[in-house]
Amino acid sequence: MPRRVLVTGASGQLGRELQRTAPNALEVVALSRSQCDIADLDQLKSAVQRHGVDVIVNAAAYTQVDKAESDRDHAFSVNATAVENLSIVADREGIKLIHVSTDFVFDGETTRLYTPEDSPDPQSTYGESKWKGERHIQNILGDKGIIVRTGWLYSAYGNNFVKTMLRLMGEKEQLGVVADQFGTPTWAKGLAECCWGLVLSRDACGVYHWSDNGICSWYDFAVEIQRVAYSKGLLDKRIPINKISTEEYPTLAKRPKYSALSNAKAVDELGIISQDWPFQLTTMMSELQV
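Numbering of the sequence shown is given in the numbering used here, commencing with residue 353 and proceeding in unit increments.
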């Protein structure tokens, strides 16, 4: 049974949910980048030794997908070099490492749920940097290192699609949202609970996927956000939401057309109950009413 867990990326939306949902039996040391820059191997070694942790959950990430195209060095520093450092320290100290990765490691050219066994083929700098981080774990730790991929993450904290849509729906007369990219919205709280299941599991190893259940487009997601927000009094009016194509909304980074993930391995091995994404969205948005 682990005793003390280091959570990196403490100020991000997953980091905050990890702190909120931590099992009572565990002591959590949550550090932000300003407290420990994990891209600096010496800083990381010092923090691990100072706090005497048994497990590291890496929730730190560079997630600015479009900016990464022109900020390549920074993206690789956070998403690859830092993960290499974590793997080195975990290997030397005998520490369990759980690292959170992304659906962007896939090319998005399939029409079925991606499984952990599928081969990555990233199409963006962000995806490349995250895939390189995964390879560092596999090269240094093998299957002893645990990778959990997720996608379309949101929460009541930080910046995410849900909060952006709520802001725009309050400001605009109408919106156009991409309708030909498909995935699964994932509440960060559910991902945090999956991570804690992996922390406590004696047998967990290798790659897992975690998302809520169901598949939708960004357009479908936006429509549901507005419906739920209006019903909860978070919006005082409804606005037209129009379907647009990827071509009509060009971005610097290429997005996967389809990146829905199968959570079956995590559900089966960890005994976690997964929920449909609209239910999770509704539950999270109740937190915004407070």
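Just so it is clear, CB atoms sit at the ideal spot from N, CA and C, and this is done for glycine as well.
Legend entry - Alpha-carbon spacing of G361 relative to H561, whole angstroms: Stepping through the sequence shown from its first residue, residue 361 is reached at position 9. Stepping through the sequence shown from its first residue, residue 561 is reached at position 209. Here the C-alpha atom of G361 lies approximately 20 angstroms from the C-alpha atom of H561.
Inset, instruction - Check each candidate in R579, E379, A434 and name the one with the smallest Cα separation from T634. - result: On the sequence shown, residue 634 is found 282 positions in, with the first residue counted as 1. Nearest of R579, E379, A434 to T634, Cα basis: R579.
Legend entry - Exposure of K524, with buried meaning 16 or more beta-carbon neighbours within 10 Å: Counting from one through the sequence shown, the residue named residue 524 turns up at place 172. That one is exposed.
Inset, instruction - Report the three-state DSSP secondary structure of W570 (helix, strand or coil). - result: Counting from 1 along the sequence shown, the entry for residue 570 is found at position 218. If DSSP states are grouped into helix, strand and coil, W570 belongs with the helices.
Legend entry - Neighbourhood of Y509 by C-beta, 6 angstroms cutoff - its chain only, sequence neighbours within 5 removed: On the sequence shown, residue 509 is found 157 positions in, with the first residue counted as 1. Answer for Y509: Q365, R368, listed in chain order.
Legend entry - Buried or exposed by the 16-neighbour rule on C-beta atoms within 10 Å, applied to L449: To locate residue 449, count along the sequence shown from 1; it is residue 97. Classified as buried, L449 has 16 or more neighbouring CB atoms from the shown chains inside 10 Å of its CB.
Inset, instruction - Using DSSP bridges, identify the partner residues of W539. - result: Here residue 539 refers to the residue found at position 187 of the sequence shown. Answer is Y506.
Inset, instruction - Go ahead and label I593 buried or exposed: buried means 16 or more other beta carbons lie within 10 angstroms of its beta carbon, across all protein chains shown. - result: Against the sequence shown, residue 593 aligns to sequence position 241. Buried, since its Cβ has 16 or more Cβ neighbours within 10 Å.
Legend entry - Rounded separation between N431 and Q475 - CA only: Counting from 1 along the sequence shown, the entry for residue 431 is found at position 79. Counting from 1 along the sequence shown, the entry for residue 475 is found at position 123. N431 and Q475 have their alpha carbons spaced roughly 15 angstroms apart.
Legend entry - Residue ranges of each beta strand (DSSP E) within the stretch 464-510, 3 or longer: If you keep only unbroken beta strand (DSSP E) runs of at least 3 residues inside the stretch 464-510, you get 498-502.
Inset, instruction - Return the chain-ordered list of same chain residues with a C-beta closer than 8 angstroms to the C-beta of C587, the five sequence neighbours on each side being excluded. - result: Your numbering for residue 587 matches position 235 in the sequence shown. Looking at the sequence shown, residue 587 is not Cys but Leu. Closer than 8 angstroms at the Cβ level, and outside the excluded window around L587, lie L518, M521, G522, Q578, A581.
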